Structures are given as C-alpha cells and as structure tokens.
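Asker:
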Amino acid sequence: MRDNIDLHTHTIASGHAYNTRNEMIAAAYQKGLEIFAITEHAPAMPGSCQRIYFTNYRVLPRKYKTMTVLYGVELNILDFQGHVDLPDSLLKEMDVTLASIHPPCFVSGTVEENTAAYIGAMKNPYINIIAHPDDSRFPVNYEWLVKAAKEYHVVLEVNNTSLSPSSFRGDPRQCYQEMLKLCMKYQVPVVMDSDAHVDLMAGNHAYALEMLQMVNFPEELVLNSQSGMLYDYINFKP
C-alpha cells in the first residue's frame, strides 16, 4: 500500500512532545512523505497552546522542498454535545482539524453519551477527522459512529500510537476490527496517522498498516494512498 501522508503530529508547542517544527518536518521529508501535517493540541489540554498560537499559521510556508506541509489542530471534545475548545472562526482557517477525546478534558459517560459526543463534533463543518476513536475507556457504538462519519463527510483515524505496545489506551485492536469492518460496509474512508510526539515516529504507520491488513481493508478507502481524495475531506485545498 502506498503510504505517503501523515496528518496527526505534535511539536514542543503541544507541551508534551519533544521536537521542534523544523525537526519534525525534516524527519517527515527524510521518510519520503508527500503531505505532512502538524496538529498541535488545543487549549484545554494542560500545557498546550493558547488560542493566539493558532491565529498566526498564515505566516508558515506550506512547502518544504517537494513536501506539502499543513498546519492544524487536535481539538478536545469537551462534552456529550460535541463542543470543542476553539471557535469556528479559527477552525475555518486551519488546514486540517482533528477532534478527539482525552481523559484530562472529557469524563466518560454511557456508550450512547460518548457516541453522541463524537457525532456532535462531526456535525461541525470545519472538523475533518475523528482521531483515535479506539480508547476502551470511552466506549462507543461503532455502527452509529461510522454511519455518522458517512453522513457528515468525516474521516476516521487509525492511530498508530494507540496500537503500539506502549499504548496507554490499552489494546484497541478489537475496537478497530469492529470499526473497520463497518467502514468497509458503509464505504467510509480512514486515514493512518502516527500521532508522533517525537521526530523518530513521524510518518510511522507500521502498527496501523498491520491492523488494516488484518481485516483486508481496501486500499481505495485509505486516504494515505489517495492524495487527490484527501483534499475532498480537509479544509486545505491545493
């Protein structure tokens, strides 16, 4: 499978990552990526960027040699209605936006409530990707999740860090098996992302690729190999 896109990474600006923007970009380029995104944690994450950080992305170049570099945000879903921690006035300026559930920012509810939180976020037209919907601490109804992703034109992520042996999200393989089978059923695309917090992991999708291969997931539904299709799902247009 052709794999030259990574849309979920962090720099020291996120507060708990360990490389600069330039170091992450250089590492991604060395791995031959075509499109690379830096998506810092939004303000509700302890130690992360404040709102003002995201207002100045326009000064950053979108090209590094032959690689397209995008800038966005990993938003925190805050409640069962799917509210997030940046306003639409900023989100519409982001190249790519991810929304996710993190323990410091969200208290788990029932399956129905957790699923409603994701779906509420999907209804925001400036949210492009649901990141790591795989955490067993926040159980969801994957049938509802996948059908909503189809309805609201949102991509579901297969998160490489979640699937790594050191993951603090437990073992999400069973969650992904269920989600990916439903994605095939309803023809909903996914994207493999590294969620790299250090340059060595930029563009690393080894565990995510293994997960896709385990369920015989079709390449035509994987945006990492479909750059033309990708631009139909994110805010940035070439």
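Residue numbers for the sequence shown follow numbering that gives the first Met the number 0, beginning at 0 and rising by one.
Every residue, glycine too, gets a C-beta built ideally from N, C-alpha and C.
As the structure is a computational prediction, the values presented were derived from the model and not from experiment.
#1: So is N215 buried or exposed if we call it buried at 16+ other beta carbons inside 10 Å?
#2: What first and last residue would you give for the beta strand (DSSP E) that runs through I126?
#3: Measure the alpha-carbon distance for A41 versus A16 and round it to whole angstroms.
#4: Tell me the start and end of each unbroken beta strand (DSSP E) in the stretch 186-232 that is at least 3 residues and wholly inside, in chain order.
#5: Grouping DSSP H, G and I as helix and E and B as strand, with all else coil, what is Y17?
#6: Can we say the stretch 200-217 touches the stretch 70-82, given the rule of at least three CB pairs closer than 8 Å?
#7: Taking the beta carbon of N21 as the centre, do at least 16 other beta carbons fall within 10 Å, making it buried, or is it exposed?
#8: Across which residues does DSSP place Y63 in a beta bridge pair?
#9: Thinking C-alpha only, which one of S166, G169, Y175 and A130 is nearest E142?
#10: Taking 8 Å as the threshold, find out whether the stretch 222-230 comes into contact with the stretch 42-49 through three or more Cβ pairs.
#11: Taking the alpha-carbon positions, what's the Y185 to K122 distance?
#12: Comparing C-alpha positions only, which one of I126, M210, N127 and H152 sits nearest to T160?
#13: Taking the runs of the alpha helix (DSSP H) that are 4 residues or longer, which of them lie wholly in the stretch 38-121?
#14: Note the first and the last residue of the continuous alpha helix (DSSP H) segment covering V153.
#15: Quick check on the burial criterion: 16 or more other C-beta atoms within 10 angstroms. Buried or exposed for N18?
#16: Secondary structure at T8, three-state DSSP: helix, strand or coil?
#17: Considering only residues of the same chain and omitting the five flanking positions on each side of L220, which have a CB-CB separation below 8 Å?
#18: Note down, in chain order, each residue of its chain lying with its Cβ closer than 6 Å to the Cβ of N127, except the 5 sequence neighbours on either side.
#19: For L222 and G202, what's the separation of their Cα atoms in angstroms?
#20: Alpha carbon to alpha carbon, how far is I4 from L59? Give it in angstroms, no decimals.
#21: Can the beta-carbon of A27 be found closer than 8 Å to that of M0?
#22: Count the other C-beta atoms from every protein chain shown that fall within 10 angstroms of the C-beta of H152, then say buried if there are 16 or more, exposed otherwise.
#23: Please tell me whether H196 and E156 are closer than 8 Å, where the distance is taken between their beta carbons.
Answerer: Let me lay it out:
#1: exposed
#2: I126: not part of any beta strand (DSSP E); DSSP gives it neither H nor E.
#3: 14 Å
#4: 189-192
#5: coil
#6: no
#7: exposed
#8: According to DSSP, Y63 bridges with M66.
#9: Y175
#10: With a cut-off of 8 Å on Cβ pairs, the stretch 222-230 is not in contact with the stretch 42-49, counting fewer than three such pairs.
#11: 18 Å
#12: M210
#13: 87-90 and 110-121
#14: V153 -> no alpha helix (DSSP H), and no H or E assigned at all.
#15: By the C-beta density criterion, N18 is buried, having at least 16 other C-beta atoms within 10 angstroms.
#16: strand
#17: C182, M183, Q186, V187, P188 and V189
#18: V95, T96, Y232 and I233
#19: 14 Å
#20: 19 Å
#21: Taking the C-beta atoms as reference points, M0 is found no nearer than 8 Å to A27.
#22: Its Cβ having fewer than 16 others within 10 Å, H152 is exposed.
#23: Cβ atoms of H196 and E156: not closer than 8 Å.
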